[in-house]
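Mapping of the sequence shown onto the UniProt record's numbering: position 83 corresponds to residue 83, and the numbering continues sequentially without gaps. Glycine is no exception: its CB is placed at the ideal position from the N, C-alpha and C atoms. Have a look at the structure below before the remarks.
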Amino acid sequence: MIQCDHPSRGPHIASCKQHSSCPFSFMRLFLWGYLKSKVYLGGVATLTTLKDNILRTVLSIPGDTLLSAVENVVHKNQCVVNKKSGHAE
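This is the structure we're talking about:
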């Protein structure tokens, strides 16, 4: 795991030095896998069940995880500004 090089309240997968041309970052794949494992747990028989599972899963994400995600996005955008680059993953 690559630790972020800025002070924060939790671990981040971000670095101004890190760059990947891959359109699917590690965090996107991790998040999708996590959400998919929670949403489809026990099977999904109907569209209503799927929608309910998605809503319940998203609402159950802990506040500190959301804060960490926001801090990570802010840091990545600061890296783009500092490097005068037009690309962020």
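May I ask you to report which of helix, strand or coil DSSP gives Leu67?
Helix, per DSSP.
Would you mind sorting Asn72 into buried or exposed? The rule is 16 or more other CB atoms within 10 Å of its CB.
A residue is called buried when at least 16 other Cβ atoms come within 10 angstroms of its Cβ; Asn72 meets this threshold and is buried.
Anyone know if the C-beta pair for Leu50 and Val44 falls short of 9 Å?
yes
Taking 9 Å as the cut-off, decide whether the C-beta atoms of Val74 and Ile54 are in contact.
no
How long is the line joining the alpha carbons of Gly33 and Ser60, rounded to whole angstroms?
Taking the straight line from one Cα to the other gives about 16 Å.
Let me know the secondary structure DSSP gives Tyr40 once reduced to three states.
Looking at Tyr40 - three-state DSSP - the assignment turns out to be coil, as it is neither helix nor strand.
Could you give the residue range of the alpha helix (DSSP H) that holds Thr48?
First-last of the alpha helix (DSSP H) with Thr48: Leu47 to Leu59.
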